[in-house]
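*Asks:* Protein chains in written order, with our numbering: chain A, 19 to 331; chain B, 19 to 331. The structure follows.
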C-alpha cells in the first residue's frame with residue numbers, strides 16, 4: 019500500500035482522497051483551508067457505500083487525513099495535485115512542494131484544462147509531472163486519463179498506470195496532451211450536434227436527451243463507437259463497414275452542425291432543460307448520485323460476461 | 019389490438035414483425051421471397067426471450083405470418099414499410115400496395131436514408147406516408163424516430179406515436195426530416211471525434227472505446243448530454259454552465275477534428291479494432307445480443323427510480 023499526498027482539498031481533491039483511501043492507501047490531503055477537514059469527512063462518508071456497492075472497498079481502508087501544510091504529511095510515494103485550475107497557484111504550490119519531497123517522487127496532476135508542460139513550468143524536476151485526470155466523482159467514475167510530457171520516463175507512467183489499475187480504475191493513455199483529453203472531447207463532439215438539433219428546431223431537447231439515453235447509451239455500455247460500426251459491417255467487420263458505408267459516413271459528417279451559443283440558442287437550451295426535467299439541479303444531482311452507483315454495479319457482471327464469453331483466436 | 023402489415027421481410031421487417039407481434043398485434047409480413055417464412059420464424063424465436071426479459075411480451079402474443087403478396091393479408095390498420103433502401107423498389111411496392119388498402123391507412127416507412135417526401139413520390143395519397151425509423155433490432159431497441167411531411171396530418175402522427183408508445187417504445191419526434199434523424203446524427207458526431215483521436219495517434223482505439231463505454235455511457239443511461247452540462251452549472255443549472263463555460267465550450271468545439279476516411283485511417287481503424295477485441299464480428303454480435311437485453315432489463319427499474327424520485331415543482 020502506498021502513501022498518497024493529495025494537494026488541494028476541493029471537490030476533486032477530496033474525491034481522489036476517498037478513492038485512494040478506499041483502495042487501502044494511506045492518504046493525506048494538504049490544504050490551508052480549515053474547512054477541508056469537514057469536506058473530507060463528508061466525502062469519505064458518501065464514498066464508502068459507493069465503494070462497497072462497486073465491490074472495491076478495501077478491508078483495511080483507513081480514513082484520509084487533512085493536513086494544513088505538505089510538510090506535515092509523511093514522505094509520499096505519489097502526489098495527486100488537485101488544486102484549482104489556476105496556473106500561478108499551481109506553480110507556487112508545486113515549487114513549495116518540491117522542497118519537502120524526494121526528487122523522484124511522481125506528481126500526477128488532475129488538471130482538465132492545462133497541458134503537463136504548462137503545469138511543470140518552473141519546477142526543479144519537471145519531467146516527473148504528468149496528467150492523471152479523473153471523471154467526477156473520482157471514487158465512482160472509473161476513467162483516469164494519463165498523459166505525460168515528452169521527457170516523462172515511460173516507467174513513471176507505467177508505475178502510475180499500475181497503481182490506478184490496481185484500484186479498479188480504467189486507465190486511458192494518451193500519446194500526447196490534447197485539450198479535453200479523450201472523454202471530454204468525445205462528449206463535446208456529441209454535445210455540439212445535440213445543440214445543433216435543438217437550436218435548429220429539428221427536435222425538442224427532451225427527445226434529443228432520450229435519443230442518447232435510450233438509443234445510444236445502453237449499447238455503448240458494452241462497446242464504444244468503433245465496436246458499433248464493426249458490427250454493422252457483416253463478416254468483414256470494420257473493413258466491411260468502411261467499404262460499404264465509408265462515403266455515407268463522410269457525407270453525414272459534412273452535414274453535422276456547427277452551432278453558436280448565441281442568446282437565442284442559450285435560451286432554447288435553458289427552456290428545453292426545464293421541459294425535460296423540471297427538478298432543481300440539486301435534486302437532480304441527488305437522484306443521479308443515488309442511481310449512478312447502482313447502474314455501475316449492475317453493469318459490472320454483465321460487462322465481465324460480455325468480454326469473457328465466446329471464442330478468442 | 020391492431021392489424022399490422024409489414025412490407026418487406028428482411029432484417030428490419032422481421033424485427034419489426036416480432037416487436038408488433040410481441041405487443042399482441044396481428045402481424046402479416048409481405049415478401050415474395052419464400053425464405054422469408056424461415057427468417058420470420060427465427061426472428062420470432064430470438065425475440066420472445068428478449069421481450070420476456072424486457073417485461074413487454076403480451077400474454078396473447080400470436081406468431082407473425084408470412085404472405086407472398088400484400089393482397090393475401092387482411093386490410094391493415096398500419097403498414098410498416100421495411101423494404102431495402104432502393105427508391106425505385108419502394109415506389110413500385112407502395113403504388114401496388116395503394117391499390118389493395120384503404121385510402122386512409124397510415125404508412126410508416128422504416129427508412130434511415132430517405133426523406134418521407136422522396137419515398138411518397140408518385141403515391142395516390144402521399145400525405146399518409148411518414149418515417150418511423152427503429153434502431154436495430156426493433157424488438158429490443160426502444161427508440162422510434164417519427165417524422166412526417168409538411169402535409170402529413172398531425173393526428174396521423176399522434177396516432178402512430180400512441181401505438182408505438184403503447185408497445186413500450188420511446189418515440190422521438192422530429193419537426194422536419196434530417197439525414198440520419200436524431201440517433202445516427204448524434205452517433206456520427208461522436209464517431210467523428212473518435213476517428214480523429216485514433217487517426218492522429220492521440221490514443222489507441224481500445225482506449226477511445228473505453229472512454230465511451232466506461233467514462234460516458236453509464237451516466238448517459240440516466241440523462242442525455244444536456245443533463246450532464248445542466249448538472250455542471252451549480253444551482254443555476256444550464257444557465258450557470260452557459261455563463262461559466264460557454265466560451266470554453268465554443269473553443270473546444272473549434273478544436274474538434276474533421277478526419278478523412280483515407281486508406282491510412284481505415285487501416286488504423288481496422289487494426290485498432292482487432293487489438294480492441296480479437297473476437298470475430300459474428301462472435302461479438304452474439305455476445306452483444308446476449309448482453310444487451312440484460313443491460314436494458316437491469317437499467318429499467320434504476321431509470322424509473324431516477325425519474326420518479328425527488329421533488330417536482
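Don't be surprised by glycine CBs; every beta carbon is placed ideally from N, CA and C.
According to DSSP, is residue 163 of chain A part of a helix, a strand, or is it coil?
*Replies:* Numbered from its first residue, the first chain carries residue 163 of chain A at position 145. If DSSP states are grouped into helix, strand and coil, residue 163 of chain A belongs with the strands.
*Asks:* Anything in chain A within Cβ reach of residue 194 of chain B, meaning under 7 Å, just list it in chain order.
*Replies:* In the second chain, the residue the question calls residue 194 of chain B occupies position 176. Neighbours of residue 194 of chain B on chain A, chain order: 220.
*Asks:* Rounded to the nearest angstrom, what separates residue 285 of chain A and residue 146 of chain A at their Cα positions?
*Replies:* Start at 1 with the first residue of the first chain, and residue 285 of chain A comes out as number 267. Start at 1 with the first residue of the first chain, and residue 146 of chain A comes out as number 128. For residue 285 of chain A and residue 146 of chain A, the distance between alpha carbons rounds to 45 Å.
*Asks:* Please confirm if the stretch 249 to 258 of chain B is in contact with the stretch 239 to 257 of chain A, defined as three or more CB-CB distances below 8 Å between the two stretches.
*Replies:* Because the criterion of three Cβ pairs below 8 Å is not met, the stretch 249 to 258 of chain B and the stretch 239 to 257 of chain A do not touch.
*Asks:* Would a C-beta distance cut-off of 7 Å place residue 190 of chain B and residue 175 of chain B closer than the cut-off?
*Replies:* Taking the second chain and counting its residues from 1, one reaches residue 190 of chain B at position 172. Taking the second chain and counting its residues from 1, one reaches residue 175 of chain B at position 157. Not in contact: residue 190 of chain B and residue 175 of chain B (Cβ atoms no closer than 7 Å).
*Asks:* Alpha carbon to alpha carbon, what distance is there between residue 227 of chain B and residue 210 of chain B?
*Replies:* As a first step, residue 210 of chain B must be located in the second chain, where it is residue number 192. As a first step, residue 227 of chain B must be located in the second chain, where it is residue number 209. Those two C-alpha atoms are separated by around 13 Å.
*Asks:* Measure from the alpha carbon of residue 258 of chain B to the alpha carbon of each residue in A/300, A/247, A/268, A/167, then state which is nearest.
*Replies:* As a working mapping, residue 258 of chain B is identified with position 240 in the second chain. Ranking the options by Cα distance to residue 258 of chain B, first place goes to A/300.
*Asks:* Using only the alpha-carbon positions, how far apart do residue 317 of chain B and residue 313 of chain A sit?
*Replies:* Numbered from its first residue, the second chain carries residue 317 of chain B at position 299. Numbered from its first residue, the first chain carries residue 313 of chain A at position 295. Cα to Cα, the separation comes out at about 7 Å.
*Asks:* Can you tell me which of the three DSSP states residue 139 of chain A falls into?
*Replies:* Here residue 139 of chain A is taken as the residue at index 121 of the first chain, counted from 1. Three-state DSSP puts residue 139 of chain A in coil, outside helix and strand.
*Asks:* Under the assumption that residue 206 of chain B contacts residue 271 of chain A (Cβ atoms under 8 Å), give the Cβ distance between them as a whole number of angstroms.
*Replies:* Sequence index remark: in the second chain, residue 206 of chain B carries index 188 (1-based). Sequence index remark: in the first chain, residue 271 of chain A carries index 253 (1-based). The Cβ separation is near 6 Å, so the contact holds.
*Asks:* My output table needs one value for residue 84 of chain A: the three-state DSSP class, helix, strand or coil.
*Replies:* Mapped onto the first chain, residue 84 of chain A falls at position 66. Reduced to three states, the DSSP call for residue 84 of chain A is strand.
*Asks:* Could you name the residues of the stretch 27 to 51 of chain B whose beta carbon sits closer than 7 Å to any beta carbon of chain A, in the order they occur along the chain?
*Replies:* Against chain A - using a Cβ distance shorter than 7 Å - the stretch 27 to 51 of chain B contributes no residues.
*Asks:* Taking Cβ-Cβ distances shorter than 8 Å, what residues in chain A pair up with residue 247 of chain B?
*Replies:* Reading the second chain from its first residue, position 229 is the one you call residue 247 of chain B. By Cβ distance, chain A contributes 209.
*Asks:* Residue 222 of chain A by DSSP, collapsed to three states: which one?
*Replies:* As a working mapping, residue 222 of chain A is identified with position 204 in the first chain. Coil at residue 222 of chain A, not helix or strand.
*Asks:* Taking Cβ-Cβ distances shorter than 9 Å, what residues in chain A pair up with residue 176 of chain B?
*Replies:* Here residue 176 of chain B refers to the residue found at position 158 when the second chain is read from its first residue. What residue 176 of chain B touches in chain A: nothing, since even the nearest Cβ is about 15 Å away.
*Asks:* Check whether the Cβ atoms of residue 162 of chain A and residue 125 of chain A sit closer than 7 Å, and answer yes or no.
*Replies:* Here residue 162 of chain A corresponds to residue number 144 of the first chain, with the count starting at 1. Here residue 125 of chain A corresponds to residue number 107 of the first chain, with the count starting at 1. Taking 7 Å as the Cβ cut-off, residue 162 of chain A and residue 125 of chain A do not qualify as a contacting pair.
*Asks:* Residues of chain A with CB under 8 Å from residue 320 of chain B, in chain order?
*Replies:* Looking up residue 320 of chain B in the second chain gives position 302. What residue 320 of chain B touches in chain A: 309, 312, 313, 316.
*Asks:* First and last residue of the beta strand (DSSP E) that includes residue 127 of chain A?
*Replies:* Here the question's residue 127 of chain A lines up with position 109 in the first chain. Here the beta strand (DSSP E) through residue 127 of chain A covers 125 to 127.
*Asks:* Where does the unbroken beta strand (DSSP E) through residue 146 of chain A begin, and where does it stop?
*Replies:* Along the first chain, one-based indexing puts residue 146 of chain A at 128. Here residue 146 of chain A belongs to no beta strand (DSSP E), and DSSP marks it neither H nor E.
*Asks:* Short of 9 Å Cβ to Cβ, which residues in the stretch 130 to 145 of chain B face chain A?
*Replies:* Cβ contacts with chain A come from 131.
*Asks:* By the 10 Å Cβ neighbour count, where 16 or more other Cβ atoms means buried, how is residue 110 of chain B classified, buried or exposed?
*Replies:* What you label residue 110 of chain B is simply residue 92 of the second chain in a count that begins at 1. Exposed, because fewer than 16 other Cβ atoms sit within 10 Å of the Cβ of residue 110 of chain B.
*Asks:* Where do the ends of the beta strand (DSSP E) carrying residue 200 of chain B lie?
*Replies:* Numbered from 1 along the second chain, position 182 holds the residue referred to as residue 200 of chain B. That residue, residue 200 of chain B, is in no beta strand (DSSP E); it is neither H nor E in DSSP.
*Asks:* Assuming residue 188 of chain A is part of the beta strand (DSSP E), what are its boundary residues?
*Replies:* Position 170 of the first chain holds residue 188 of chain A. Residue 188 of chain A -> beta strand (DSSP E) spans 188 to 191.
*Asks:* Nearest to residue 14 of chain B by alpha carbon, out of A/302, A/60, A/76, A/29?
*Replies:* As shown, chain B starts at 19 and ends at 331. That puts residue 14 of chain B outside it, with no answer to give.
*Asks:* Residue 28 of chain A to residue 173 of chain B, Cα distance in whole Å?
*Replies:* Indexing the first chain from 1 puts residue 28 of chain A at position 10. Indexing the second chain from 1 puts residue 173 of chain B at position 155. So the alpha carbons of these two residues sit roughly 54 Å apart.
*Asks:* Using alpha carbons as the reference points, say which of A/65, A/136, A/52, A/82 lies closest to residue 44 of chain A.
*Replies:* Here residue 44 of chain A refers to the residue found at position 26 of the first chain. Ranking A/65, A/136, A/52, A/82 by Cα distance to residue 44 of chain A puts A/82 first.
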